[in-house]
Amino acid sequence: MNVLTGSDGVLRGASGGHCDTAVAAALSIIVAPLVRGRIPTLVDNVLTCVTPGSSVDILVTDHGIAVNPARPELAERLKEAGMKVVSIEWLRERAQLLTGQPRAIEYTDRVIAVVRYRDGSVIDVVHQVKE
1 MNVLTGSDGV
11 LRGASGGHCD
21 TAVAAALSII
31 VAPLVRGRIP
41 TLVDNVLTCV
51 TPGSSVDILV
61 TDHGIAVNPA
71 RPELAERLKE
81 AGMKVVSIEW
91 LRERAQLLTG
101 QPRAIEYTDR
111 VIAVVRYRDG
121 SVIDVVHQVK
131 E
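To convert, note that position 22 of the sequence shown is 22 in UniProt numbering; the numbers rise steadily by one, no gaps.
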């Protein structure tokens, strides 16, 4: 999950404990539109990793609900409740069908921010976007 940089690669703000909440919660749910403007919110590789996907149990979008494969009991309960449960791969393909393939962002070698995980380890870095 990226909650730090925009779809243009520019640093937007701080994560505000996103990874702490996701990993410590008994049930971690992310809610987002599949497409924001003309930009997919679900992509193959996030620009900046703040919260590992393994910490997220459920992704709810306007096109369906994806459940982490590590939590099959959640998928079953949602299906029993009549919810539209789909794979994360299906959602990704749907997003790409609606928006097309996003253009790659070009970066310089200059690191402008270091992303630390809750244990203090470096989980990612943010590079300066080329002008």
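Quick reminder that beta carbons are idealized off the backbone N, C-alpha and C, glycines included.
| Check | Outcome |
| --- | --- |
| Endpoints, beta strand (DSSP E) assigned at A113 | 107-116 |
| Every unbroken alpha helix (DSSP H) within the region 13-67, with a cutoff of 4 residues, ordered by chain | 18-24 |
| Straight-line gap, I88 to R38 (C-alpha atoms, nearest Å) | 19 angstroms |
| Three-pair Cβ contact test at 8 angstroms for the region 29-38 versus the region 49-61 | yes |
| Cβ separation of V126 and L11, assumed to be a contact under 8 angstroms, to the nearest whole Å | 6 angstroms |
| Option nearest residue 157 by Cα separation, candidates S7, G17, A95, I112 | Residue 157 lies beyond the stretch modelled for the chain, which goes from 1 to 131, so this question has no answer here. |
| Residue from V35, N68, L27, Q128 whose Cα sits closest to the Cα of A113 | Q128 |
| Environment of P40 [buried if 16+ CB atoms lie within 10 Å] | buried |
| Sequence-distant residues of its chain with Cβ nearer than 8 angstroms to K79 (five each side left out) | V85 |
| Boundaries (first-last residue) of the alpha helix (DSSP H) holding Q96 | 88-99 |
| Residue(s) in a DSSP beta bridge with D124 | V115 |
| Member of E131, K130, V115, G120 whose CA lies at the smallest distance from the CA of T48 | V115 |
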